[in-house]
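Going line by line, the protein sequences match chains A and B.
Here the UniProt record's numbering is used: position 157 in the first sequence is 157, and no number is missing along the way.
Here the UniProt record's numbering is used: position 153 in the second sequence is 153, and no number is missing along the way.
C-beta atoms are modelled at their ideal positions from N, C-alpha and C, and glycine is treated no differently.
Being a predicted model, the structure only gives us computed values, none of them experimental.
Here's the structure, in structure tokens; my notes come after.
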Amino acid sequence: MAAIKAHGSLISTATNRVLVILYEKELEFEFVSVDMSTGEHKKDHFLSLNPFGQVPAFEDGDLKLFESRAITKYVAYEYASKGTQLIHQDSKKMAITLVWMEVEAQQYDPVASKLVWELGIKPMLGMVTDKAIVEENEAKLAKVLDVYENRLAHSKYLGGDCFTLADLHHLPTLQYLLGTQSQKLFDSRPHVSAWVADITARPAWLKVQALRKKH
Amino acid sequence: MTIKIYGVPISTCTARATACLYEKEVDFELVPINFFGGEHKQPAFLSKNPFGQIPALEDGDLTLFESRAITAYVAEKFKETGTDLIRHNNLKEAALVEVWIQVESQSFDPAITPIVLEYVLAPMKGKTADKAVIDANLVKLEKVLDVYESRLSSTKYLAGDFYSLADLHHYPYTHYFMTTPWASLVNDRPHVKAWWEDISSRPAYKKMTEAIASC
């Protein structure tokens, strides 16, 4: 039985954020599927793993964690010597990486997640997309991506010269949006477009896609 | 060379950064930004934070933005002195600090911010507070605080029986929230109330509020 367990749903962006880092770090793990359609994530067993009743939850031996970006940070540091290096030992470089990790969490994700919900998940659930919300959030995302375009014109990846957590955290929402009308926002910005093509082609991310297709 | 923080004391996010510097007893210079005059949207400031938001930090040739990246940098750089805000010698405790930092960022902040902004900021701009926004977010905040109440009945602070950055990040918005008619959301939950009274009695919190009051 693997010491590392990732509990979640394969359609959940936050769950995918955890899965991709486990593949990047080449770690053995067990994926435990949580059936959200039956409200499993709101039942006592799951609440003991995440009191907010949200996926994912994570176990490494007797350590229990939740919040995908806390899980990825833990994995990146605990398993620093394995697989892809996703953090910096140099404190200044790491500080800059942390800035762009916060940018993803505070500037990009609140907007991108709304578009993922409207354009990606609602159609899957047979619900109607709210066009006003899409329009409002595409306008906001455009402004965020203008800053990204400028950043990526001077830096190969968001945190610096190397792929780090700052880039990895974007993958799940990016993947959803690439299949939608919002893809144009990424395609029309050359440096953003190149960065998206680069990070979504990473073998670890392709493994997450393969896992989704299997289930 | 002294650390510089660009911002204004009444800004919640500036206050988050300065509270951390006060807690670590690190000298810094607050460089005022003419916020109401739009200085944060001018090229000189945009070169420090391309998103045009305060605060920004300068430490020698290093420039950072996003208040939680700033606090993470300060907590890490000065980890060997003063209060250990990140539990750097204990990976398990450090991971739990990260979990509750994410909880504040992803669950607490999105619920409390709109309430504070409507109640405090709208009148400043000559507008009436939007009751629908406030009501909707009070519902969300109550659910979050229910989880906090449960958590704080088994640990003294959020990440464990130790004060950490996860608690500190709650300072600025809760400070303003406790001046609203809905402070009962905190006061009616005995463990949340005790936690808030404890962490708001720390010298760093008092320094932060004195700076806000002096504006």
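Residue i bridges to which residues according to DSSP?
| i | result |
| --- | --- |
| F29 (chain A) | None, per the DSSP bridge assignment. |
| A56 (chain B) | B:Y6, B:F65 |
| D60 (chain A) | A:I4, A:L63 |
| E29 (chain B) | B:K4 |
From this set, the options, which residue's C-alpha is nearest residue i's C-alpha?
| i | options | result |
| --- | --- | --- |
| Q181 (chain A) | A:L165, A:K214, A:E118, A:Q209 | A:E118 |
| L91 (chain B) | A:S91, A:D60, A:Q106 | A:D60 |
| T128 (chain B) | B:V116, B:V139, B:K48 | B:V116 |
| A105 (chain A) | A:L125, A:I87, A:A166 | A:A166 |
| W205 (chain A) | A:A2, A:A3, A:L10 | A:L10 |
| S184 (chain B) | B:D146, B:D130, B:Y6 | B:D146 |
| L96 (chain B) | A:E67, A:I121, A:T129 | A:E67 |
| E138 (chain A) | A:M127, A:M36, A:K114 | A:K114 |
| H191 (chain A) | A:A210, A:D146, A:F163, A:H215 | A:D146 |
| I87 (chain A) | A:A210, A:E28, A:K43, A:L158 | A:L158 |
| K214 (chain A) | A:L49, A:E24, A:K93, A:S33 | A:S33 |
| A3 (chain A) | A:S91, A:I21, A:F31, A:W100 | A:F31 |
| N137 (chain B) | B:Y171, B:D188, B:I112, B:V186 | B:I112 |
| E58 (chain B) | B:A17, B:L85, B:D167, B:E98 | B:A17 |
| A213 (chain B) | B:E98, B:R151, B:V139, B:T12 | B:T12 |
| T175 (chain B) | B:I3, B:T2, B:A19, B:Y6 | The residue you asked about is not Thr; residue 175 (chain B) is His in the sequence shown. The residue with the shortest Cα to Cα distance from H175 (chain B) is B:A19. |
| G179 (chain A) | A:G120, A:L152, A:K143 | A:G120 |
| A197 (chain A) | A:A210, A:L168, A:L211, A:H7 | A:L168 |
Just checking: is the beta-carbon of residue i within a distance shorter than 8 Å of some beta-carbon in chain B?
| i | result |
| --- | --- |
| A132 (chain A) | no |
| F46 (chain A) | no |
| V99 (chain A) | yes |
| Q107 (chain A) | yes |
| S91 (chain A) | yes |
| residue 216 (chain A) | The displayed coordinates of chain A run from 1 to 215. Any statement about residue 216 (chain A) would go beyond what the structure contains. |
| K73 (chain A) | yes |
| A76 (chain A) | no |
| E104 (chain A) | no |
| A204 (chain A) | no |
| N16 (chain A) | no |
Could you check where the alpha helix (DSSP H) with residue i kicks off and where it finishes?
| i | result |
| --- | --- |
| H191 (chain B) | 190-199 |
| K42 (chain A) | Element bounds for K42 (chain A): n/a, residue is neither H nor E. |
| K48 (chain B) | Unbroken run through K48 (chain B): none, as it is neither H nor E. |
| T180 (chain B) | First-last for T180 (chain B): undefined, no H or E at that position. |
| L86 (chain A) | Neither: L86 (chain A) is in no alpha helix (DSSP H) and is coded neither H nor E. |
| K206 (chain B) | 203-213 |
| S154 (chain B) | Neither: S154 (chain B) is in no alpha helix (DSSP H) and is coded neither H nor E. |
| K207 (chain A) | 203-214 |
| L165 (chain B) | 165-168 |
| L98 (chain A) | 91-103 |
| Y23 (chain A) | 13-24 |
| N187 (chain B) | 184-187 |
| A15 (chain B) | 12-23 |
| K41 (chain B) | Where K41 (chain B) is concerned, there is no enclosing alpha helix (DSSP H), given that its DSSP letter is neither H nor E. |
| A70 (chain A) | 68-78 |
Compare the C-beta of residue i with all C-beta atoms of chain A and state if any pair is closer than 8 Å.
| i | result |
| --- | --- |
| F78 (chain B) | no |
| Q102 (chain B) | yes |
| E149 (chain B) | no |
| residue 290 (chain B) | The first residue shown for chain B is 1 and the last is 215, placing residue 290 (chain B) beyond what the model contains. |
| A72 (chain B) | yes |
| V26 (chain B) | no |
| S105 (chain B) | yes |
| P32 (chain B) | no |
| E66 (chain B) | yes |
| L145 (chain B) | no |
| K92 (chain B) | yes |
| V186 (chain B) | no |
| F45 (chain B) | no |
| A183 (chain B) | no |
| F162 (chain B) | no |
query = Enumerated in chain order, which unbroken segments of the alpha helix (DSSP H) with a length of 4 residues or greater are wholly contained in the segment 70-144 of chain B?
reply = With a minimum length of 4 residues, the continuous alpha helix (DSSP H) runs that stay inside the segment 70-144 of chain B are 91-103, 109-116.
Segments of 4+ residues assigned as alpha helix (DSSP H) that fall wholly inside the segment 109-194 of chain A = Correct list: 109-115, 131-154, 165-168, 171-178, 183-187.
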